[in-house]
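**Q** Heads up: the sequence shown begins at 1 in the UniProt record's numbering, then just goes up one per residue.
Positions of the beta carbon are idealized from the N, C-alpha and C atoms, including for glycine.
Keep in mind that this is a model prediction, so the values were computed, not measured.
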Amino acid sequence: MNSTEKRLLKEYRNVQRELHGTKNSSLRKSGLLELKPTSQSDMYEWSATIEGPDSTPYENTAFDLDIKIPRSYPLEPPAIYFVVLSDETIRKLQGRSNKKDIEVSKKAPITRKCFKMPHPNVNFNTGEICLDILKKRWSPAWTLQSAILAIVVLLSNPEPSSPLNVDLANLLRCEDETAYKALIRFYIEEYSAIST
Numbered sequence: 001m002n003s004t005e006k007r008l009l010k011e012y013r014n015v016q017r018e019l020h021g022t023k024n025s026s027l028r029k030s031g032l033l034e035l036k037p038t039s040q041s042d043m044y045e046w047s048a049t050i051e052g053p054d055s056t057p058y059e060n061t062a063f064d065l066d067i068k069i070p071r072s073y074p075l076e077p078p079a080i081y082f083v084v085l086s087d088e089t090i091r092k093l094q095g096r097s098n099k100k101d102i103e104v105s106k107k108a109p110i111t112r113k114c115f116k117m118p119h120p121n122v123n124f125n126t127g128e129i130c131l132d133i134l135k136k137r138w139s140p141a142w143t144l145q146s147a148i149l150a151i152v153v154l155l156s157n158p159e160p161s162s163p164l165n166v167d168l169a170n171l172l173r174c175e176d177e178t179a180y181k182a183l184i185r186f187y188i189e190e191y192s193a194i195s196t
């Protein structure tokens with residue numbers, strides 16, 4: 001086992017202990033629901049599930065992330081993307097659920113999973129994330145856990161000056177928060193399936 005794999009194993013154990021070892025996990029409260037390797041045989045591909053922050057258009061919605069870890073980690077940042085499914089695949093998933101039967105309240109648990117990410121700093125079609133700590137500002141002090149939590153914070157605090165979704169960024173620049181939130185809610189409703 002090389003130093004990267006040792007570090008990843010340590011990170012995995014810490015996250016699992018925090019997520020599953022305590023009843024009131026601070027990670028869960030911060031929006032991180034799951035973070036783990038996609039297989040036992042490959043420590044360089046991980047997945048994560050996050051929850052949209054309260055009091056945002058993303059609340060009560062879960063989003064999946066794909067994480068590719070370079071062999072030089074932690075010296076180099078991981079590549080993290082929102083999982084984006086094709087419209088056809090989303091429609092098939094939606095056909096297995098009945099959105100009209102579920103009413104979302106502000107205190108409800110996660111009720112749906114969204115398969116496209118409507119956000120100014122995320123490419124709607126690829127899931128690419130524009131976040132400085134995933135590029136130039138990465139430091140070996142960052143962990144996968146802290147990088148994922150930074151993405152959750154980005155959902156509440158978009159940066160319209162470096163957009164990957166120009167339409168949403170322009171609504172923020174024009175200070176039209178009502179239209180911004182309405183468009184996000186529309187896309188989440190359009191590209192979500194009910195969680196089971």
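1) So, is C114 buried or exposed, given that buried needs 16 or more other C-beta atoms within 10 angstroms?
2) At the level of alpha carbons, what is the spacing between E51 and I80?
3) Which value, in whole angstroms, describes the spacing of the CA atoms of T111 and T143?
4) What is the residue span of the beta strand (DSSP E) that K135 lies within?
5) Taking just the CA atoms, how far does N165 sit from N123?
6) For a quick check, are the C-beta atoms of Y58 and P37 less than 8 angstroms apart?
7) In the DSSP assignment, find the unbroken alpha helix (DSSP H) run with F63 in it and report its ends.
8) Compare the Cα-Cα distances from D54 to each of S39, E34 and N157 and report the closest residue.
**A** With the given structure in hand:
1) buried
2) 16 angstroms
3) 29 angstroms
4) Counting along the chain, K135 falls outside any beta strand (DSSP E), and DSSP gives it neither H nor E.
5) 6 angstroms
6) no
7) Taken as a continuous stretch (DSSP letters only), F63 belongs to no alpha helix (DSSP H), being part of the beta strand (DSSP E) at T61 to K68.
8) N157
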